[in-house]
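Remarks on the structure that follows.
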Ligand SMILES: Cc1ncc(COP(=O)(O)O)c(C=O)c1O
Ligand SMILES: Cc1ncc(COP(=O)(O)O)c(C=O)c1O
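Chains as they are written, first to last, in our numbering: chain A, 1 to 425; chain B, 1001 to 1425; chain C, 2001 to 2152; chain D, 3001 to 3152.
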């Protein structure tokens, strides 16, 4: 068991998360190892939202009165805060959506509905190709399938290698002049694999394809700096990075956003509306139809503050240490197989595994009886599981508040699970 | 000044809204008359959300662990609560979206992307017509324009009569065999006009067209019972009915939802996912891709509880009285013209007006200096304003916490505004 | 070990999971259905064969189930309850089982009706598991509808 | 009446609103632009005429502005500041005015540079009004870009 870093005071962090004191049974404390599905919120995030709502709430961008001014300031300050967190050159590159899923849908829809005034680069059409990977979350796969269905384009994918990383040996033939988009996850929500962003960006650039990065599982766990990643568009979720549900982020290079047709339409995204036609505002407003998730933006900004105060490098180091501890511990249990690149030191956040002969649902049930809240199933990455002949896996995921003792409890719990089922004749 | 109804204890209600004690200047209390843009939240709603987040939060529908069970229960109970609030026969007819705007976009997109397996009734195609009204909020206009653009259908509209109600004299020729959809607002967010739902539903039925009701401005102010309204699909916003931002509702008849293609795609809305194709879950899951607004659903359910405890009939009566008080008071000021059906006793919620020779922005600024938070501009209903030769109006909108004294202050404030600008040589 | 857990994973459940009754896909059959639980990826393929005499006697239920112990045990127990009886006879069994499973533990379960199915009721307190246990029954119902439609 | 209000609606602003200088659309012009503030529906059509000698002297700024008192006064004051000077000369005026307006009241404003524009700075504390006041200037900038493009 590796001790948490000296600067990273996990006990102090835990005190910020009210939910962590929950008991599941009178003698079973809750051990939350499902931050990969959704994170818990520190008091600072809850308080920021409540403070906004009890002091400054009003509709944004639409009012001349002072409350509207206060609300608009809160909302736009949150945009600046998120831009800063992501290293974005301008807050105008940050679009608030309801989730990473909506951000990815926004991109996929926008690329399918352009007209003569839209640059070819931003129009996916019949015969074009969209390249994804075999490890994608459904959120970064199904919207592309639907785009392909609507336009006559084709979805191709970079397959998995046996070692749970991408098999990019055929990348040269997968990326062609027909490739319009390469969409891939930064870090797999199942495997923990961190993808080679630079190599994929280079391949995309060589044919003028757009790159779309699903950062839902990296932004909460490691520094994500859009100014150096080289990708064109990035999606992420508020609720996976200590922020509220109901908010996500699309980051995009301004010169692209500026040319992309709107997705959702309605109030606040228009320039002029007539009964028979309308024109649209500049980004980010163009992509934020209707009343946005205002208090949620404020909460997300507070989450960025919280994470930045810890330091994303430190967060990554903390979670890498826990990940290595879990990998080592679990690998020592008979019948347990790690599904993911066990040797990768970069990986953070999640460890998935298979218990021979045991359905993950049954594994999860036994772990739950011990207070261990882990996720079981295909984790919205069904093709990935199918590729490895699995119906599902059990996944433990780590957060800023996870302790080495909790990881020990996980390892002991899995050992107990194996024994438990072994005990039946 | 009419006294508030005996049963309806406004002072007790006000005590539930922490933000109402805000001062704008040391001697200027905030008078919030912009509930039409977004409502404030009672403590009960804030508390419900925080209680959920500090006790039960986890990802919904995806986990086998007990926290996921608690969260799923909270989320699905909220769906039942909202179904009940709307008189929906089944919670499966309630889809959580991010806003009324998204709900309307969902409908408009879904109707445009069907294929051979979709019933003709649910496919808008070239040559088809979509009928809206000239008083629509942009949220119930622009998505239809975009659907028309994508499909080759045409948007037509029921024009306004001089008395600020719909001119349905030509309804017979506007509704034709080509009409696939009639989309209209229940109550105008500018005029307060309540539309003749029954007549429009009848017209739609006579040609087999779908009816889409924008209830964003009725659900907060009067009973809305989908089991008796006769419409097919309804959209509304959480944040306008004392609930959180970041959540809206689409209600639809199950037999329609069941046949409508999905809009947003990704996790939790699928049945089976392969790399090259996917199949989709039944409603409501089919329309809820990704992690939904969980705590916001809990907050919205608490808002339904709050409103139902007051009783929507009582809420309507309270706001109708305030509306009549405002109409009478404002009509007595020289140079002030009511934009809306002054004589309609049904109307609730909002009173818009024009001050001769004064831009609404200037009117709003003076009112703001008095603490009166009213909205100015076109209120996302630009065509409606253009129809009446207006660049904008000033709108005061009322909520459960609005007092007769506040309406008096509004009337006095508008009189003061007229004097103020009259004082310049 | 928690009491919940021992209520779920009884010897009987584990026994049905390990050595499921009537498992495998057989001929003849009137209809075959394939059901999936999208949340966990569990699948069942189920074939139903009714008597040709109009009495709707269930001559065979054969199946291939991929899933957790609870869902596999549920399929095994269900097949054993169904085979040899008429659709009308088993309807109260199905209805009672579904009611008890959906009751979060409030409905006790009548062993005379649902036999070994009693062993599955421990799952009633776990909403996520209720679906697992009911999936074979949903598949049976769908196969019944289809068999009737094909026969008509 | 609040002091904020008297800082916004000075006699000078109301005077410019009532009797705007250089208002109306005139010929000749090098470019015409139309700007809209989508939040409030305010509109300005603005025409710019530069000297043909390469010195980029602003020979005329004519406009039709629909909007609140602040925005109409801003157009009036701007036109008066621009007409007769070169683009280069007015650039520091524009830049300073924009900076002061965006400063939320932190930058005081240099009357020598922006003249009557000083009267508009009361709006700097009202973010919703800053756009109103800057809209004519944005229109001028766009017209300048267009004039140059058409001339090139
Ligand atoms: C890699 C990845 N992408 C996208 C998503 C979708 O995020 P959300 O559900 O917040 O839209 C998730 C989370 O479920 C994820 O893990
Ligand atoms: C009549 C009407 N419809 C739709 C909307 C859109 O609601 P939201 O902004 O919550 O999506 C509004 C509110 O702005 C409205 O007043």
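Ideal placement from N, C-alpha and C gives every residue a C-beta, glycine not left out.
Residue i at chain D interface by Cβ criterion, 7 Å
i                      : result
residue 1413 (chain B) : no
residue 1359 (chain B) : yes
residue 266 (chain A)  : no
residue 1388 (chain B) : no
residue 1362 (chain B) : yes
Proximity test, Cβ basis, 7 Å: residue i and chain A
i                      : result
residue 3006 (chain D) : no
residue 1015 (chain B) : no
residue 3066 (chain D) : no
residue 3052 (chain D) : no
residue 3039 (chain D) : yes
residue 1041 (chain B) : yes
beta-carbon residue i near ligand 1 non-hydrogen atom, thresh 6 Å
i                     : result
residue 137 (chain A) : yes
residue 214 (chain A) : yes
residue 151 (chain A) : no
Near ligand 2: residue i beta-carbon under 6 Å from a heavy atom
i                      : result
residue 2115 (chain C) : no
residue 1189 (chain B) : yes
residue 1217 (chain B) : yes
residue 1299 (chain B) : no
residue 28 (chain A)   : no
residue 1399 (chain B) : no
residue 1393 (chain B) : no
Residue i and residue j closer than 7 Å at C-beta
i                      : j                      : result
residue 1236 (chain B) : residue 1204 (chain B) : no
residue 1218 (chain B) : residue 1186 (chain B) : yes
residue 1941 (chain C) : residue 2142 (chain C) : The structure shown has nothing for residue 1941 (chain C), since chain C only spans 2001 to 2152.
residue 3108 (chain D) : residue 3031 (chain D) : no
residue 1389 (chain B) : residue 1376 (chain B) : no
residue 165 (chain A)  : residue 124 (chain A)  : no
residue 381 (chain A)  : residue 1059 (chain B) : no
residue 2122 (chain C) : residue 2048 (chain C) : no
residue 1384 (chain B) : residue 1374 (chain B) : no
residue 351 (chain A)  : residue 363 (chain A)  : no
residue 2065 (chain C) : residue 2083 (chain C) : no
residue 1013 (chain B) : residue 1400 (chain B) : yes
residue 427 (chain A)  : residue 259 (chain A)  : Since the displayed chain A opens at 1 and closes at 425, residue 427 (chain A) lies outside it and no answer follows.
residue 1105 (chain B) : residue 264 (chain A)  : yes
residue 3130 (chain D) : residue 3073 (chain D) : no
residue 242 (chain A)  : residue 45 (chain A)   : yes
residue 3128 (chain D) : residue 3105 (chain D) : no
is_contact[residue i, chain C] using C-beta, thresh 7 Å
i                      : result
residue 1294 (chain B) : no
residue 1098 (chain B) : no
residue 392 (chain A)  : yes
residue 145 (chain A)  : no
residue 424 (chain A)  : yes
Minimum Cβ-Cβ distance from residue i to chain B less than 7 Å
i                      : result
residue 400 (chain A)  : no
residue 2136 (chain C) : no
residue 2143 (chain C) : no
residue 380 (chain A)  : yes
residue 195 (chain A)  : no
residue 50 (chain A)   : yes
Against chain C: residues of the segment 1275-1290 of chain B by CB proximity under 7 Å: The residues in question are 1281.
Positions along the segment 366-378 of chain A whose CB lies within less than 9 Å of some CB in chain C: Answer in chain order: 366, 368, 369, 370, 376, 377, 378.
Interfacial residues, the segment 2020-2037 of chain C to chain B, with Cβ spacing under 9 Å: Here the close residues are 2036.
Within 9 Å of chain B by C-beta, residues of the segment 3088-3115 of chain D in sequence order: Within the segment 3088-3115 of chain D, no residue has its Cβ closer than 9 Å to any Cβ of chain B.
Contacting positions in the segment 1069-1102 of chain B - beta carbon closer than 8 Å to chain C: Result list: 1069, 1072, 1073.
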